[in-house]
Amino acid sequence: MLKYNFHDSLIEDVNYIPNEAKLEIKIKLCNWMQSDYKDSDPEMLTMHMIFDGVEKFEMSTENYVFNSNEILDVIELDDRTVKIIFLTENDVKTIIVTAERVDYAIYENEQS
Numbered sequence: 005m006l007k008y009n010f011h012d013s014l015i016e017d018v019n020y021i022p023n024e025a026k027l028e029i030k031i032k033l034c035n036w037m038q039s040d041y042k043d044s045d046p047e048m049l050t051m052h053m054i055f056d057g058v059e060k061f062e063m064s065t066e067n068y069v070f071n072s073n074e075i076l077d078v079i080e081l082d083d084r085t086v087k088i089i090f091l092t093e094n095d096v097k098t099i100i101v102t103a104e105r106v107d108y109a110i111y112e113n114e115q116s
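Per my numbering, residue 5 is the first one in the sequence shown, and the count goes up by one each step.
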């Protein structure tokens with residue numbers, strides 16, 4: 005399910021649409037940490053992780069407004085479930101998502 009190294013990347017926004025069983029997470033991806041990175045590539049990219057067929061979405065904090073929160077780790081719990089561990093101002097929080105699939109949309113020059 006996971007194709008990228010998310011460590012030190014930043015969560016910009018999380019948008020869950022329950023009636024569509026869809027979750028979108030906007031991330032500033034540390035492109036320079038990817039295995040296929042070349043010196044001529046941009047160091048940071050904007051990525052949208054788009055989860056479809058969401059069966060479970062749990063966040064260990066309610067009504068949180070994301071503001072470039074650092075990702076500590078993304079763990080694949082099974083072939084349909086991921087756990088995202090991230091920092092807030094005062095704590096470590098998690099997002100757990102179970103979904104049929106995840107797609108990635110990457111933008112080099114998208115504004116926040």
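Note that the Cβ used here is the ideal one computed from N, Cα and C, for glycine as well. Treat the numbers as computed from the prediction; the structure is a model and nothing was measured.
- Message: Can you give me the C-alpha to C-alpha distance between Ser-116 and Val-69, rounded to a whole angstrom?
- Response: For Ser-116, the predicted structure reports a pLDDT of 48, less than 50, and the residue's modelled location is therefore unreliable. A value from the coordinates is still provided. So the alpha carbons of these two residues sit roughly 14 Å apart.
- Measure how close the beta-carbons of Leu-91 and Glu-74 come, nearest whole angstrom, since I'm counting them as under 8 Å. Correct: roughly 5 Å between the Cβ atoms.
- Excluding sequence positions up to five away, which residues of its chain have a Cβ less than 8 Å from the Cβ of Asn-9? Cys-34, Met-37, Gln-38 and Ser-39
- Message: I need the straight-line Cα distance from Glu-93 to Glu-16, nearest angstrom please.
- Response: 14 Å
- On the premise that Lys-32 lies in contact with His-52, defined as a C-beta separation below 8 Å, what is that separation, rounded to the nearest angstrom? Contact doesn't hold; Cβ gap of about 11 Å is too wide.
- Query: What is the rounded straight-line gap between the Cα of Asn-23 and the Cα of Phe-55?
  - Reply: If you draw a straight line from the Cα of Asn-23 to the Cα of Phe-55, it is about 13 Å long.
- Task: Counting only the same chain and skipping the five closest in sequence on each side, list residues whose C-beta sits under 6 Å from that of Ile-89.
- Result: Leu-76, Asp-77 and Thr-98
- Message: Contact defined as beta carbons within less than 8 Å: I believe Ile-110 pairs with Lys-60. What is the distance between those atoms, to the nearest angstrom?
- Response: The Cβ separation is near 25 Å, so there is no contact.
- Message: Helix, strand or coil for Asn-4? Go by DSSP, reduced to three states.
- Response: With the chain covering only 5 through 116, there is no way to say anything about residue 4.
- Message: Quick check on the DSSP output: the beta strand (DSSP E) that includes Thr-50 runs from which residue to which?
- Response: 48-56
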